[in-house]
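One structure is given here, and the rest of the page talks about it.
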């Protein structure tokens, strides 16, 4: 198997073509983070940071953040009702939204119990890893 | 093994169908919504030929006697695993002893008429003529050739590793929508006796919506709408027919043959619903309306390619999530 590092030029080209600012891949061998123009070095163009601990801070408590890249959907496309509404109490692990990635619909779950304050991400918006999706007031 | 704790009428074990047995006069049977069953099998890591449960009347309640991955596809329903919501068209995992319940959806008008429960390993009933599909008319396949009932125990085959829980697929109803005036639009090829009907009848056939009557099931859908009148009375010898064929009995109200259709019939054929749209018809509830849209051979083949493409994309994108299965 070829090293994932060999695919960086290809991934960088995809980023440039898609308008996505940042891409992070994690696997058993390590992780790769590609960013456009906003890299840790502060320089323009593509930056690659490989095989180190994530420089990203832990998500603020209570906010459901996107687990990856995709189009955010507050409701399952077969259903009219959103998975959660403001004021609703949610349990840890409860489905609170979906990410549409190509043919896939990936469930976004609440990392902890709390009360939904508001759904931040607009329906259908392209979101990236760590983008805030839903504000939640965590339970004590 | 899974055990049925509660079961509505006409739930059956179905796979993709008993293909290649028409020469013996044995119909295909199989899932009415084949793409939904195929998607469910992909979501639990099953082979394409694995069997699942087709559910027509809710509720259905089962207990997992062993831990297993599962997915509920097809018509939307309210699925709960030990009381916790399970999303439609999404892989989930049940621990041993867990209870899965499929209920009527909360929404008054939910999409679809048939749901599919796929379990990792597949429902491992014996193969009959190369398929596990239940054919009620001949009482073959499935569990003892009959519909399921409460108390039944169903063997589950050896599971392979599937996508992680929380992985779902975009249903073809969303990815490949087709409607005219908000009514499902089925593409139809004119059939052998098409030009034996009056001009007014043919105009009405294409122009008017048709209602699915309560006399509709896995054998065939009887429609209600304008009366189709032949130019002169038609008498035919019995001939081979397949699912999708639209027959016109003497009353002038069409019947569309479905998965459990007998392999021959004598009514005149005005058209055939293309293979790529049979799942849309299968999900049209009794009392709902459909429309027919005229199509040609090339368009019918392109439609099949589009549906195959949807499944291929699903397979490809899922394989990105499970690198071991892709290697």
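Protein chains in written order, with UniProt numbering: chain C, 1 to 140; chain V, 1 to 327. C-beta: ideal position from N, C-alpha, C; glycine also. All values reported here derive from a predicted model rather than from experimental measurement.
Worksheet item: Interface residues of chain V around residue 128 (chain C) at Cβ under 8 Å?
Response: Simply none; closest approach about 17 Å.
Worksheet item: So, helix, strand or coil for residue 131 (chain C), using DSSP?
Response: coil
Discussion item. Tell me the DSSP secondary structure of residue 109 (chain C) in three-state form.
Written reply: strand
Item to complete: State the Cα-Cα distance for the pair residue 12 (chain C) and residue 317 (chain V), rounded to the nearest angstrom.
Response: 20 Å
Worksheet item: Does residue 15 (chain C) have its Cβ less than 8 Å from a Cβ in chain V?
Response: no
Fill in: Whole-angstrom distance between residue 18 (chain V) and residue 130 (chain V), CA atom to CA atom
6 Å
Worksheet entry | Integer Cβ distance of residue 364 (chain V) from residue 166 (chain V), believed to fall under 8 Å | Here chain V has residues from 1 to 327 only, and residue 364 (chain V) is not among them.
Worksheet entry | Buried versus exposed, by CB contacts within 10 Å (16 or more), residue 24 (chain V) | exposed
Practice prompt. For my contact list, residue 229 (chain V) and residue 197 (chain V) are in at a C-beta cut-off of 8 Å; report their separation, rounded to the angstrom.
Written response: 7 Å
Worksheet item: Taking DSSP as the reference, what is the three-state secondary structure of residue 319 (chain V)?
Response: helix
Item to complete: Please confirm if residue 103 (chain C) has its CB atom under 8 Å from at least one CB of chain V.
Response: yes
Practice prompt. For the segment 268-291 of chain V, enumerate the residues whose C-beta is nearer than 9 Å to any C-beta of chain C, in chain order.
Written response: none
Item to complete: Answer with yes or no whether the minimum CB distance from residue 177 (chain V) to chain C is below 8 Å.
Response: no
Worksheet entry | Unbroken beta strand (DSSP E) run spanning residue 102 (chain V), endpoints | 99-103
Fill in: Complete alpha helix (DSSP H) runs within the segment 123-196 of chain V (minimum length 4 residues, chain order)
172-175
Worksheet item: So with Cβ pairs under 8 Å, would you call residue 174 (chain V) a contact of chain C?
Response: yes
Worksheet item: Looking at the unbroken alpha helix (DSSP H) that takes in residue 201 (chain V), where does it start and where does it end?
Response: 199-207
Item to complete: At 9 Å on the CB atoms, spell out the chain C contacts of residue 111 (chain V), in chain order.
Response: 78 and 79
Item to complete: Examine chain V for any beta-carbon lying closer than 8 Å to the beta-carbon of residue 106 (chain C), and answer yes or no.
Response: yes
Practice prompt. Along the alpha helix (DSSP H) that carries residue 30 (chain C), what are the first and last residues, could you check?
Written response: Unbroken run through residue 30 (chain C) is the beta strand (DSSP E), 30-36; no alpha helix (DSSP H).
Worksheet item: Are there 16 or more other CB atoms within 10 angstroms of the CB of residue 251 (chain V), so buried, or fewer, so exposed?
Response: exposed
Item to complete: Look up residue 35 (chain V) in the DSSP assignment and say whether it is helix, strand or coil.
Response: helix
Discussion item. Taking the straight line between their C-alpha atoms, what separation do you get for residue 225 (chain V) and residue 287 (chain V)?
Written reply: 12 Å
Worksheet item: Can residue 223 (chain V) and residue 274 (chain V) be called in contact, C-beta distance under 8 Å?
Response: no
Worksheet item: residue 40 (chain V) CB to nearest chain C CB: under 8 Å?
Response: no
Fill in: CB contact check: residue 109 (chain C) to chain V, cutoff 8 Å
yes
Worksheet item: Quick one: which chain C residues come within Cβ less than 7 Å of residue 167 (chain V)?
Response: 104 and 106
Discussion item. Within the continuous alpha helix (DSSP H) that includes residue 279 (chain V), where are the two ends?
Written reply: 278-282
Practice prompt. Could you work out which residues of chain C lie near residue 170 (chain V), taking near to mean beta carbons separated by less than 9 Å?
Written response: 77, 100, 102, 103, 104 and 105
Worksheet entry | Inter-residue spacing [alpha-carbon to alpha-carbon] between residue 45 (chain V) and residue 121 (chain V) | 8 Å
Discussion item. So for residue 24 (chain V), helix, strand or coil by DSSP?
Written reply: helix
Discussion item. With a threshold of 8 Å, are at least 3 pairs of Cβ atoms found where one atom belongs to the segment 72-92 of chain V and the other to the segment 177-185 of chain V?
Written reply: no
Practice prompt. Using a Cβ cut-off of 8 Å, pull out every chain C residue sitting near residue 80 (chain V), in sequence order please.
Written response: Those within 8 Å of residue 80 (chain V) in chain C number zero; the least Cβ separation is about 12 Å.
Item to complete: Please classify residue 4 (chain V): is it buried, with 16 or more other beta-carbons within 10 angstroms of its beta-carbon, or exposed?
Response: buried
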